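**Student:** Position one of the sequence shown corresponds to residue 1 (UniProt numbering), numbered consecutively onward.
Here a beta-carbon is modelled for each residue, glycine too, at the ideal position from N, C-alpha and C.
In this text, all values refer to a predicted model and were calculated from it rather than measured experimentally.
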Amino acid sequence: MKTVYDFVVKKTNGEDKLLKEFEGKPLLIVNTASKCGLSNQFKDLQELYDKYKDEGLEILGFPCNQFNKQEFDDIDETTQFCQLNYGVTFPIFAKIDVNGENEDPLFTYLKAQKKGVLSKNIKWNFTKFLVDKNGKVVERYAPTTEPSKIENEIKKQLSL
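Set out below in structure tokens:
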């Protein structure tokens with residue numbers, strides 16, 4: 001049976017990153033957009049990462065430009081924006097599509113594991129997927145769900 005750890009994603013420099021490298025750690029996977037009204041969530045995500053990274057939490061950001069073109073064209077602008085404005089140190093990966101014919105296979109898998117309200121498609125930036133230490137999708141959170149509201153579930157996953 002497939003898990004999140006079976007996927008390969010692209011780093012911002014175009015190199016492959018095996019998600020298997022995160023095996024045994026809970027993950028919070030988020031489709032992001034720098035120019036989105038929800039981009040202040042980068043700050044909250046970074047706070048969670050700072051608080052729990054030493055216990056094993058990994059947060060993985062995947063920039064997406066599918067919702068009102070709210071991401072920079074240049075991935076270097078994206079990473080600089082995240083670092084300068086929000087102090088982001090968790091991994092940001094190459095820009096991807098999360099819906100449609102060119103959607104990233106990781107997001108096809110995530111959406112199949114946890115459907116959203118009325119649809120499996122991702123409706124907006126900052127949809128979040130919590131993955132347990134075994135690579136199984138535990139929960140899907142709406143874009144408007146503040147990362148701090150996920151903290152108790154993250155702590156639960158860390159303690160398992």
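So, using beta-carbon positions, are residue 38 and residue 143 closer together than 8 Å?
**Tutor:** Contact flag set, yes.
**Student:** Take residue 97 as the anchor and find which of 129, 136, 159, 33 has the nearest alpha-carbon.
**Tutor:** Cα-wise, what sits closest to residue 97 is 33.
**Student:** Work out the CA separation of residue 57 and residue 154 for me, nearest whole Å.
**Tutor:** Roughly 8 Å separates the two Cα atoms.
**Student:** For residue 129, list the residues DSSP reports as bridge partners.
**Tutor:** Beta-bridge pairing links residue 129 to 29, 140.
**Student:** Taking the C-alpha atoms as reference points, what is the distance between residue 5 and residue 44?
**Tutor:** When rounded, the distance between both Cα atoms is 25 Å.
**Student:** Drop a sphere of 10 angstroms on the beta-carbon of residue 9, count the other beta-carbons inside from all chains shown, and report buried for 16 or more, exposed for fewer.
**Tutor:** Label assigned to residue 9: buried.
**Student:** I'd like the span of the alpha helix (DSSP H) that includes residue 44, first residue to last.
**Tutor:** From DSSP, the alpha helix (DSSP H) with residue 44 extends over 41 to 52.
**Student:** On a Cα-Cα basis, can you pick out the residue from 140, 145, 134, 149 that is closest to residue 24?
**Tutor:** Nearest option by C-alpha distance: 134.
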